[in-house]
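Counting from 1, position 407 in the sequence shown corresponds to residue 882 in this note's numbering; the numbering is continuous, with no gaps. Have a look at the structure below before the remarks.
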Amino acid sequence: MLIHPEEILETIKMVSSENLDIRTVTMGISLRGCSHPDIDTFNENVYNRIMYYAKDLVKVTNEIQNLYGIPIINKRISVTPIAIVAESCDATDFTSVAQTLDRAAEDAGVDFIGGFSALVQKGMTPGDLNLINSIPRALATTNKVCSSVNVATTKAGINMDAVSLMGKIVKETAELTKDNAGIGCAKLVVFANAPEDNPFMAGAFHGVGEPDCVINVGVSGPGVVNSAVRALKDPTLGDISECIKKTAFKITRMGEMVGREAASRFNVQFGVLDLSLAPTPAIGDSVAAILEAMGLESCGTHGTTAALALLNDAVKKGGSMASSSVGGLSGAFIPVSEDEGMIRAVQRGSLSLDKLEAMTSVCSVGLDMIAVPGDTSSSTISAIIADEMAIGMINRKTTAVRVIPAPGTKVGDMIEFGGLLGSAPVMPVHNFSSEQFISRGGRIPAPIQSLTN
Numbered sequence: 476m477l478i479h480p481e482e483i484l485e486t487i488k489m490v491s492s493e494n495l496d497i498r499t500v501t502m503g504i505s506l507r508g509c510s511h512p513d514i515d516t517f518n519e520n521v522y523n524r525i526m527y528y529a530k531d532l533v534k535v536t537n538e539i540q541n542l543y544g545i546p547i548i549n550k551r552i553s554v555t556p557i558a559i560v561a562e563s564c565d566a567t568d569f570t571s572v573a574q575t576l577d578r579a580a581e582d583a584g585v586d587f588i589g590g591f592s593a594l595v596q597k598g599m600t601p602g603d604l605n606l607i608n609s610i611p612r613a614l615a616t617t618n619k620v621c622s623s624v625n626v627a628t629t630k631a632g633i634n635m636d637a638v639s640l641m642g643k644i645v646k647e648t649a650e651l652t653k654d655n656a657g658i659g660c661a662k663l664v665v666f667a668n669a670p671e672d673n674p675f676m677a678g679a680f681h682g683v684g685e686p687d688c689v690i691n692v693g694v695s696g697p698g699v700v701n702s703a704v705r706a707l708k709d710p711t712l713g714d715i716s717e718c719i720k721k722t723a724f725k726i727t728r729m730g731e732m733v734g735r736e737a738a739s740r741f742n743v744q745f746g747v748l749d750l751s752l753a754p755t756p757a758i759g760d761s762v763a764a765i766l767e768a769m770g771l772e773s774c775g776t777h778g779t780t781a782a783l784a785l786l787n788d789a790v791k792k793g794g795s796m797a798s799s800s801v802g803g804l805s806g807a808f809i810p811v812s813e814d815e816g817m818i819r820a821v822q823r824g825s826l827s828l829d830k831l832e833a834m835t836s837v838c839s840v841g842l843d844m845i846a847v848p849g850d851t852s853s854s855t856i857s858a859i860i861a862d863e864m865a866i867g868m869i870n871r872k873t874t875a876v877r878v879i880p881a882p883g884t885k886v887g888d889m890i891e892f893g894g895l896l897g898s899a900p901v902m903p904v905h906n907f908s909s910e911q912f913i914s915r916g917g918r919i920p921a922p923i924q925s926l927t928n
């Protein structure tokens with residue numbers, strides 16, 4: 476890839492003053508050869524397999540960071556969904572597998588490891604149930620393990636039995652981690668149409684169609700886009716779109732360069748570049764700030780969904796021109812706790828849970844890092860999940876829910892997670908019950924647009 480000197484100087488400015496970084500280099504590792512009936516042997520196989528590939532992940536990424544002068548914030552690992560590879564074990568509790576993943580992540584020095592996961596969009600096998608029932612204790616007894624469950628796809632519909640169960644799992648996870656504001660729920664996400672090559676947590680796992688080992692990269696850059704849009708003089712919306720496309724192109728080229736260098740050094744395949752705009756709690760490094768730069772007084776007011784649609788489309792168009800390996804989620808993230816502009820919008824009353832749900836119809840993921848009162852019922856959480864899954868299923872897109880019913884909290888409280896997870900204002904939910912709807916179970920059938928063959 477030919478890099479012009481002007482691009483280098485521009486990148487230096489983006490890094491030094493606009494919060495540009497590589498959010499994550501994520502190594503995907505297949506565990507399909509680790510299965511064994513004895514869970515202790517299985518755990519040993521898993522640990523050895525991860526360390527074989529990832530023992531130098533931090534060292535190599537730090538070398539690349541120093542080589543190019545581009546911050547690489549997180550080093551992460553994703554593995555084959557544990558529900559699949561652990562199903563042959565004679566155990567019913569998979570907590571020890573999560574603890575093995577945590578030990579491997581600790582010894583490899585990475586920030587997070589994803590893949591304590593199950594794919595249950597059409598039904599649940601015994602292994603799936605074993606894993607899902609193990610999630611609360613697994614997340615309560617580990618530090619770096621992330622979990623995800625895919626409960627819906629456009630082709631299969633929505634598994635409402637799984638949706639109902641996940642509401643209870645979220646509540647139990649919050650209770651078991653109540654001493655830390657229910658932080659276990661921040662490491663648990665429920666998906667529709669989950670991608671198999673996503674480098675971002677908490678939803679990363681190594682899909683069954685992936686190679687033995689692969690490097691996926693997730694870039695960031697809301698601060699860069701925000702600065703570029705605010706520098707425009709009285710632009711039309713078309714001008715703003717063009718500006719975002721050009722900026723996304725530059726950000727993506729940087730990520731592509733880092734990803735290919737990392738893959739080359741590990742002698743593995745370069746997988747995808749996820750060009751999602753992933754915000755941080757830093758001032759200005761905010762997707763909400765970009766929407767407000769377009770002319771909205773406050774994120775969440777009327778017009779916000781349209782502005783977000785423009786942003787998401789422009790990011791995808793610009794990024795896809797810069798790389799032939801765009802994948803994962805790729806677009807704009809709207810996590811409340813991780814975006815200082817979103818937090819401010821909730822606090823001033825312009826952004827509600829209902830408006831966030833509408834925005835997820837055009838963004839890259841879904842209801843992300845949302846704190847709700849601790850006494851929110853499991854059926855209400857399941858109903859929130861069901862609504863989001865329906866948006867993903869009908870629109871043939873990835874949607875997700877990462878919601879934290881923080882024990883002991885009420886609307887208006889702030890809960891602190893620290894680091895990239897930030898802090899979250901506790902948002903109100905509807906008081907009317909959804910319990911009878913959720914308790915019906917069964918499956919919401921796939922929509923007519925699933926008939927594409």
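Even for Gly, the Cβ is constructed at its ideal location relative to N, Cα and C.
Starting from the C-beta of V878, find all residues in its chain whose C-beta is less than 7 Å away, skip the five residues before and the five after it, and write them out in chain order.
Cβ within range, chain order: V645, C660, L842, I845, V847, I856 and I859.
Closest by C-alpha distance to V876, when choosing among A579, S839 and K619
Comparing Cα-Cα distances from V876 to each of A579, S839 and K619, the minimum goes to S839.
Look at A737 and T536 and say whether their C-beta atoms are less than 9 Å apart.
Yes.
Which word fits S907, buried or exposed, when buried means at least 16 other C-beta atoms lie within 10 angstroms of its C-beta?
Note that residue 907 is Phe in the sequence shown, not Ser. Exposed is the call here.
Do F675 and D749 come within 9 Å of each other at the CB atom, strictly closer than that value?
Yes, the Cβ-Cβ distance between D749 and F675 is below 9 Å.
Identified DSSP bridge partners for M889:
Answer is P900.
Does the distance from the CB of I758 to the CB of P697 come in under 9 Å?
One thing to note: I758 has its Cβ no nearer than 9 Å to the Cβ of P697.
With a cut-off of 8 Å on the beta carbons, I'd call I719 and V694 a contact; round off their distance for me.
In this structure I719 does not touch V694 by the C-beta definition: roughly 14 Å separates them, more than the 8 Å allowed.
Coarse secondary structure for C718, derived from DSSP in three states
The answer is helix: DSSP assigns C718 an H, G or I state.
Taking C-beta to C-beta, are M526 and G917 nearer than 9 Å?
No. Outside cutoff.
Does the separation of the CB atoms of V665 and E863 fall below 9 Å?
In contact: V665 and E863 (Cβ atoms closer than 9 Å).
Alpha carbons only, please: which of V733, N520 and M796 is nearest the one belonging to I539?
Per the Cα distances, V733.
Return the bridge partner residues of D749 from the DSSP annotation.
Paired residues: G693.
Give the range of the beta strand (DSSP E) segment to which N625 is assigned.
That run of the beta strand (DSSP E) goes V620 to T628.
Three-state secondary structure (DSSP) at S492?
Caution applies to S492, whose pLDDT of 47 falls short of 50 and renders its modelled position unreliable; the model cannot decide the point.
Mapping the DSSP letters down to three states, classify S553 as helix, strand or coil.
Per DSSP, reduced to three states, the secondary structure at S553 is strand.
What do you get for R915, buried or exposed, if any count of 16 or more other CB atoms within 10 angstroms of its CB means buried?
For R915, the number of other beta carbons within 10 angstroms of its own is below 16, and it is reported as exposed.
Have a look at S853, T516 and A833 and flag the residue whose alpha-carbon is nearest the alpha-carbon of A781.
When each option's Cα is compared against that of A781, the closest is A833.
Helix, strand or coil, according to DSSP, for Q911 in the structure here?
Three-state DSSP puts Q911 in a helix.
Does the separation of the CB atoms of N625 and S571 fall below 9 Å?
No, they are not a contact pair.
If we count the other Cβ atoms within 10 Å of its Cβ and call it buried at 16 or more, is S800 buried or exposed?
Per the 10 Å Cβ criterion, buried.
Contact check, P922 vs A649, beta carbons under 9 Å:
Contact flag unset, no.
Counting only C-beta atoms, is T567 closer than 9 Å to chain C at any point?
Among the chains in the structure shown there is no chain C, since it carries only a single protein chain.
Go ahead and pull the three-state DSSP assignment for M796.
M796: helix per DSSP, three-state reduction.
Looking only at DSSP bridge pairs, what is C688 linked to?
Answer by DSSP bridge pairing, in chain order: I504.
Output the distance between the C-alpha atoms of S925 and A667, rounded to the nearest integer angstrom.
Taking the straight line joining both Cα atoms gives about 14 Å.
Expressed to the nearest angstrom, what Euclidean distance is found between the alpha-carbon atoms of T851 and P880?
Using only the alpha carbons, I get a separation of about 6 Å.
Among D577, V683, E772 and M502, which has the Cα closest to the Cα of G533?
In the sequence as presented, Gly is not what sits at residue 533; that position holds Val. V533 has its Cα closest to that of M502, out of D577, V683, E772 and M502.
In the DSSP assignment, find the unbroken beta strand (DSSP E) run with V665 in it and report its ends.
Where V665 is concerned, the enclosing beta strand (DSSP E) stretches over L663 to A667.
With R823 and S773 assumed to form a contact (beta carbons below 8 Å), what rounded beta-carbon distance in angstroms separates them?
By a beta-carbon distance limit of 8 Å, R823 contacts S773. Their separation comes to about 6 Å.
Are the CB atoms of V904 and M817 within a distance shorter than 9 Å?
One thing to note: M817 has its Cβ no nearer than 9 Å to the Cβ of V904.
Excluding five sequence neighbours on each side, which residues of the same chain lie with their C-beta closer than 7 Å to the C-beta of Y522?
Hits under 7 Å: T575, R578 and A579.
What are the boundary residues of the beta strand (DSSP E) that I866 is part of?
Careful: I866 lies outside any beta strand (DSSP E), inside the alpha helix (DSSP H) at S853 to N870.
DSSP three-state assignment for N673, whether helix, strand or coil:
When secondary structure is reduced to three states using DSSP, N673 falls in the coil class, being assigned neither helix nor strand.
As assigned by DSSP and simplified to three states, the class of I809
Of the three classes helix, strand and coil, the one that applies to I809 here is coil, per DSSP.
Less than 9 Å separating the beta-carbons of G802 and V747?
Yes, Cβ-Cβ distance for G802 and V747 is below 9 Å.
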